[in-house]
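Novice:
Residue numbers (full-length UniProt numbering): 1 to 270.
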């Protein structure tokens with residue numbers, strides 16, 4: 001039986017590997033005590049030819065980040081900060097579907113490990129009981145029409161308590177420990193995340209984006225709500241009609257015009 005000391009212990013590569021059932025994602029694992037960011041570390045490895053499926057995990061990120069360069073708080077030993085190198089044979093414009101894949105895999109892994117039903121806020125937030133428990137950051141490198149690699153970074157608040165969230169974060173963020181009412185085994189969470197990523201990536205390679213899109217639609221909190229979305233310098237408010245077959249959020253504004261967002265910062269307003 002696993003006790004609280006084991007659950008809260010540092011991550012160890014051998015323990016993550018033990019019992020891991022995967023085809024390609026997690027065949028190589030680089031575990032660091034501290035990095036600037038796992039996405040940066042994975043991108044550096046990818047540029048040096050590291051194999052697809054390589055995982056980078058860190059106990060702490062000095063400059064963890066989310067979308068739009070926002071800081072992602074990454075305290076030592078409390079969260080799961082993981083990035084994976086992917087090299088699919090797809091055009092660069094199709095790469096955003098892999099961010100949605102990371103969100104689906106993250107939600108599935110949380111449910112398998114904790115039993116907590118997890119929803120998604122388009123395009124990349126993992127939500128438990130209305131508060132953010134994790135996020136996905138997809139970044140790619142391309143040469144013209146050729147995709148070199150995609151890095152999918154996933155950050156999940158695992159064992160933070162309420163007091164670990166400062167200021168306004170306490171109102172909008174949560175952790176698996178807070179929601180489950182008990183500490184969560186980060187090793188089990190890391191293993192489950194690798195297996196979920198592996199399974200969904202295999203589905204993507206075999207069947208294309210549709211299985212991912214179906215899962216996102218099933219879990220998505222955004223569609224059917226009034227929203228305000230910011231993408232670059234543009235802002236659009238209206239009704240989120242659907243997520244289309246390219247993974248874009250379709251918003252109908254007050255004039256009836258439809259806007260198709262590839263990415264954006266979305267606030268639910270009604």
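We treat Cβ as the ideally placed atom computed from N, Cα and C, and that holds for glycine.
#1: By how many angstroms is the C-alpha of residue 124 removed from the C-alpha of residue 109?
#2: Quick one: what does DSSP say residue 215 is sitting in, helix, strand or coil?
#3: Alpha helix (DSSP H) containing residue 193: first to last residue?
#4: Counting pairs of Cβ atoms below 8 Å between the region 21 to 34 and the region 44 to 56, do you hit three or more?
#5: Determine the contact status of residue 193 and residue 154, defining contact as a CB-CB distance below 9 Å.
#6: How is the alpha helix (DSSP H) around residue 114 delimited, first residue to last?
#7: Residue 172 and residue 131: beta carbons closer than 9 Å?
#8: Near residue 107, what residues of its chain come up, given a Cβ to Cβ distance below 7 Å and the 5 sequence neighbours on each side ignored?
#9: Pick helix, strand or coil for residue 236, following the three-state DSSP scheme.
#10: Compare the Cα-Cα distances from residue 205 to each of 87, 105 and 157 and report the closest residue.
#11: Applying the 10 Å Cβ sphere with the 16-neighbour rule, what's the burial state of residue 186?
#12: Hey, residue 179 and residue 221: beta-carbon distance below 9 Å or not?
#13: Going straight from the alpha carbon of residue 248 to that of residue 14, what length do you get?
#14: What is the DSSP secondary structure of residue 270, counted as helix, strand or coil?
#15: So for residue 68, helix, strand or coil by DSSP?
#16: Any idea what DSSP makes of residue 83, helix, strand or coil?
Specialist: So, to answer that:
#1: On the chain shown, position 109 is the one that residue 109 refers to. On the chain shown, position 124 is the one that residue 124 refers to. Distance between the alpha carbons of residue 109 and residue 124: 15 Å.
#2: Taking the first residue of the chain shown as 1, we reach residue 215 at position 215. Per DSSP, reduced to three states, the secondary structure at residue 215 is helical.
#3: Locating residue 193 in the chain shown gives position 193, counting from the first residue. Element bounds for residue 193: 186 to 207.
#4: The region 21 to 34 is in contact with the region 44 to 56.
#5: Here residue 193 refers to the residue found at position 193 when the chain shown is read from its first residue. Here residue 154 refers to the residue found at position 154 when the chain shown is read from its first residue. In this structure, the beta-carbon distance from residue 193 to residue 154 falls below 9 Å.
#6: Mapped onto the chain shown, residue 114 falls at position 114. First-last of the alpha helix (DSSP H) with residue 114: 96 to 114.
#7: By one-based count along the chain shown, residue 172 stands at place 172. By one-based count along the chain shown, residue 131 stands at place 131. Taking 9 Å as the cut-off, the Cβ atoms of residue 172 and residue 131 count as close.
#8: To locate residue 107, count along the chain shown from 1; it is residue 107. Correct list, in chain order: 118, 120, 126 and 219.
#9: As a position in the chain shown, residue 236 is number 236, starting the count at 1. It is a strand residue.
#10: Numbered from 1 along the chain shown, position 205 holds the residue referred to as residue 205. Nearest to residue 205 by alpha-carbon distance, out of 87, 105 and 157, is 87.
#11: By one-based count along the chain shown, residue 186 stands at place 186. Residue 186 is classed as buried because its beta carbon has at least 16 other beta carbons within 10 Å across all chains shown.
#12: The residue labelled residue 179 in the question sits at position 179 within the chain shown. The residue labelled residue 221 in the question sits at position 221 within the chain shown. Against a cut-off of 9 Å, the Cβ pair of residue 221 and residue 179 comes out as no contact.
#13: The residue labelled residue 248 in the question sits at position 248 within the chain shown. The residue labelled residue 14 in the question sits at position 14 within the chain shown. Using only the alpha carbons, I get a separation of about 39 Å.
#14: Numbered from its first residue, the chain shown carries residue 270 at position 270. Looking at residue 270 - three-state DSSP - the assignment turns out to be coil, as it is neither helix nor strand.
#15: Residue numbering aside, residue 68 sits at position 68 when the chain shown is read from its first letter. Its pLDDT being 48, under 50, residue 68 is placed unreliably in this model, and the coordinates cannot settle the point.
#16: In the chain shown, counting from the first residue as 1, residue 83 sits at position 83. It is a strand residue.
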